[in-house]
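Under the numbering used here, think of the first position of the sequence shown as 233, with each following residue one higher.
Think of the CB as a built atom: it goes at the ideal place given N, C-alpha and C, for glycine as much as any other residue.
To start, the structure itself, in structure tokens.
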Amino acid sequence: MLEVVDLEYIRKKYYVEGWSIRKISRQLVYARHTIRKTLTSSKIPEYQLETERSCPVIDPYRGIIITWLEADETAPKKQRHTAKRIYDRLVAEYGFTGSDSTVRKFVRKLRPQYREVHIPLTAEYGEQAQVDWGRAKVIFNGTLTEVCLFCLKLKASKVPFVWAFHTEKLEAFLEGHRLAFEWLGGVPREIIYDNLKTAVLKILSGPRREEQETFSSLRAHYLFDSIFCRPGEPHEKGAIEGLVGYVRRNTMVPVLNIPDIDYLNHKILLPWCLKEQQKYQAEWNLEQENLLPLPAHPFRCSVTRMVKPNSYSLITHSRVRYSVPCHYVGETLRLEIFATKVELWQQNRLVAAHNRSYEAGTLVMELDHYLEAIARKPRAVMHAAVVRRLPEVYAAAKQLLLKDNPTGYKELCRILLLNRDYPAEKVTVALEKALTLGVVNEATVRQLILNEDGLKQTPVIEVPAALASYNMPVFDYGCYDRLLEVN
């Protein structure tokens, strides 16, 4: 091979001193065609491999490997052959005796070395936002719980909004949009999404999608356009991709140990969003000026189902049972499912509402829903699940009433029925006072409620000594009921 000094020597002898090619060839013992190549180019001649070298170890398996790689073109991206997998199959199925490095080198030559080029994108203020879901672990009252983070980020100003839910279902997806728009004070003109099942029913050709009907209603209400990424190409909404990890690192490290999800949203996530907004204050001011205005009324972020209460006056949703007033048993009701509550309607009449539970197998009940049945079946209060969920004062009252009277459950039933006429809190407070007095019956509890609601007498500042130690006994009106039972 010619060295740099040889190249310089040849060119100087020929062009400067006028030596012939033959003389230079004799002097340096190089072929004349080599001298000619050197004179036509100042670059050092390089070795060019004209035919591929044979590889006796891998050549017998060349066709097999090519077949596997061609089949990978139609296989899912995450289930295609790696060089290591090809090597393992060759050893197991064909008794290959070569090394894995030989297989890796061969596969590297066969696979196209194509790297996709990404084009930088931008957006005008108020033009675009991007939405995605993320997950995080939080400790609620000592229990490690996974929460779902609804993340929205404005493209131009980079202002984020993050809200935690217990689920990624459609009702939470809708609620996340409503909360984000209200917090931002406006609506971006377009929003970019992955092909989420909560928004997309079917992927059609090109950018067209068959959208979920309720999601389309949300778009029509807030007047924004939806844009969906190509399947398997989440980088097309790159502004939002890093937000989930960013919010986790900056608000949830170390792992939070807090009371509930409301605390997480209002005490941690919203203050963090406000801090991020202030970081981009100048851009945010421009963004806010260009957002679409909010509609006069917020969107009703619920999913509708038709249900029929069973004989226990319960309906079931997501493996959680909810009570309804017992006179609706067997009737068809409309269940409105929100992210944080459930409502049951009969046409335009609200018949029941509960806070939503996400713990499978939970039984959510209200005493009012069963009072009509309890009035007809008073003995049921002995073991009724809804009664055993009441404050401890009711269990103490039941124990006292049944102590000397096997039919004391009837009196307990009458006390429970007071919840139809008075707020539950007042009945509970009055029952506690009745227990303190040692007189537990419906008349006493009712009178104590009326006393609490009536005008309170101004306390006597100076009590005469003769009356200071005198205790006025409370009359037991239950004696009249006992006389009736004897008769």
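Worksheet item: Which first and last residues belong to the beta strand (DSSP E) in which P392 is found?
Response: As a first step, residue 392 must be located in the sequence shown, where it is residue number 160. Residues P392 to F397.
Worksheet item: If you draw a straight line from the C-alpha of K688 to the C-alpha of R553, how long is it?
Response: Taking the sequence shown and counting its residues from 1, the one referred to as residue 688 is at position 456. Taking the sequence shown and counting its residues from 1, the one referred to as residue 553 is at position 321. Annotation note: pLDDT 49 at K688 (below 50); position unreliable, no value reported.
Worksheet item: Which parts of the region 295-348 are runs of the beta strand (DSSP E), unbroken and 3 residues or longer, counting only runs that do not cross its ends?
Response: none
Practice prompt. Please go through the same chain and pick out, in chain order, the residues whose beta-carbon is closer than 7 Å to the beta-carbon of T660, but skip the five residues on each side of it.
Written response: Position 428 of the sequence shown, counting from 1, holds the residue named residue 660. Contacts found: P623 and V625.
Practice prompt. Decide yes or no for the touch test of the region 515-533 against the region 555-566: beta carbon pairs closer than 8 Å, at least 3 of them.
Written response: no
Fill in: Neighbourhood of Q631 by C-beta, 6 Å cutoff - its chain only, sequence neighbours within 5 removed
Here the question's residue 631 lines up with position 399 in the sequence shown. Excluding sequence neighbours, Q631 sits near nothing in its chain.
Discussion item. Here's the rule: buried if 16 or more other CB atoms are within 10 angstroms of the residue's CB, otherwise exposed. What is C711?
Written reply: For the purposes of this step, residue 711 is identified with residue 479 of the sequence shown, where counting begins at 1. Burial state of C711 is exposed, judged by a 10 Å Cβ sphere holding fewer than 16 other Cβ atoms.
Worksheet item: Taking C-beta to C-beta, are V363 and V479 nearer than 7 Å?
Response: For the purposes of this step, residue 363 is taken as residue 131 along the sequence shown, with counting starting at 1. For the purposes of this step, residue 479 is taken as residue 247 along the sequence shown, with counting starting at 1. No, they are not a contact pair.
Worksheet entry | Backbone secondary structure at T377 - three-state DSSP | Working through the sequence shown from its first residue, we reach residue 377 at position 145. Strand at T377.
Worksheet item: If you draw a straight line from the C-alpha of G358 to the C-alpha of N522, how long is it?
Response: In the sequence shown, the residue the question calls residue 358 occupies position 126. In the sequence shown, the residue the question calls residue 522 occupies position 290. Going from the Cα of G358 to the Cα of N522 covers about 5 Å.
Worksheet item: For P463, which residues from the same chain have a beta carbon less than 7 Å from its beta carbon, with the 5 sequence-adjacent residues on both sides left out?
Response: Position 231 of the sequence shown, counted from the start, is the residue given in the question as residue 463. Taken in chain order, the residues that qualify are N427 and I435.
Item to complete: Name the residue from D494, R285 and L322 whose alpha carbon lies nearest to the alpha carbon of F372.
Response: For this step, residue 372 is matched to residue 140 along the sequence shown. Selected option, being the one with the closest Cα: D494.
Fill in: Bridge partner(s) assigned by DSSP for I547
Indexing the sequence shown from 1 puts residue 547 at position 315. I547 is bridged to Y554.
Worksheet entry | Between the CA atoms of L524 and A368 - distance to the nearest angstrom | Counted from its first residue, the sequence shown places residue 368 at position 136. Counted from its first residue, the sequence shown places residue 524 at position 292. Cα to Cα, A368 sits roughly 31 Å from L524.
Worksheet item: Short check: CB of E664 to CB of I647, under 7 Å?
Response: The residue given as residue 664 occupies position 432 in the sequence shown. The residue given as residue 647 occupies position 415 in the sequence shown. No, these two residues do not count as a Cβ contact at 7 Å.
Worksheet item: When the Cα atoms are used, what is the spatial distance from V677 to A666?
Response: Here residue 677 is taken as the residue at index 445 of the sequence shown, counted from 1. Here residue 666 is taken as the residue at index 434 of the sequence shown, counted from 1. Between V677 and A666, the C-alpha separation is close to 6 Å.
Practice prompt. Reducing DSSP to helix, strand and coil, say where R243 ends up.
Written response: Along the sequence shown, one-based indexing puts residue 243 at 11. If DSSP states are grouped into helix, strand and coil, R243 belongs with the helices.
Worksheet item: Can you tell me where the alpha helix (DSSP H) with T266 in it begins and where it stops?
Response: Within the sequence shown, residue 266 is the residue found at index 34, counting from 1. Counting along the chain, the alpha helix (DSSP H) containing T266 begins and ends at R264 to T272.
Worksheet item: Going by alpha carbons, who is nearest to Q679 out of P696, D708, N703 and Y702?
Response: Within the sequence shown, residue 679 is the residue found at index 447, counting from 1. Minimum Cα distance to Q679 is reached at D708.
Practice prompt. Measure the Cβ-Cβ separation of V618 and Y641 and say whether it is below 7 Å.
Written response: Within the sequence shown, numbered from 1, the residue matching residue 618 stands at position 386. Within the sequence shown, numbered from 1, the residue matching residue 641 stands at position 409. Taking 7 Å as the Cβ cut-off, V618 and Y641 do not qualify as a contacting pair.
Worksheet item: Roughly how many whole angstroms lie between the Cα atoms of Q510 and L450?
Response: Residue numbering aside, residue 510 sits at position 278 when the sequence shown is read from its first letter. Residue numbering aside, residue 450 sits at position 218 when the sequence shown is read from its first letter. If I take the Cα positions, the gap works out to 29 Å.
Worksheet entry | Contact under 7 Å by Cβ, V556 with A584 | Numbered from its first residue, the sequence shown carries residue 556 at position 324. Numbered from its first residue, the sequence shown carries residue 584 at position 352. Closer than 7 Å, so yes.
Worksheet item: Which word fits K387, buried or exposed, when buried means at least 16 other C-beta atoms lie within 10 angstroms of its C-beta?
Response: Here residue 387 is taken as the residue at index 155 of the sequence shown, counted from 1. Looking at its Cβ environment, which holds 16 or more other Cβ atoms inside 10 Å, K387 is buried.
Worksheet item: Is H265 near the ligand FAD, going by C-beta to nearest heavy atom under 6 Å?
Response: In the structure on display, the ligand FAD does not appear, and there are no ligands present to speak of.
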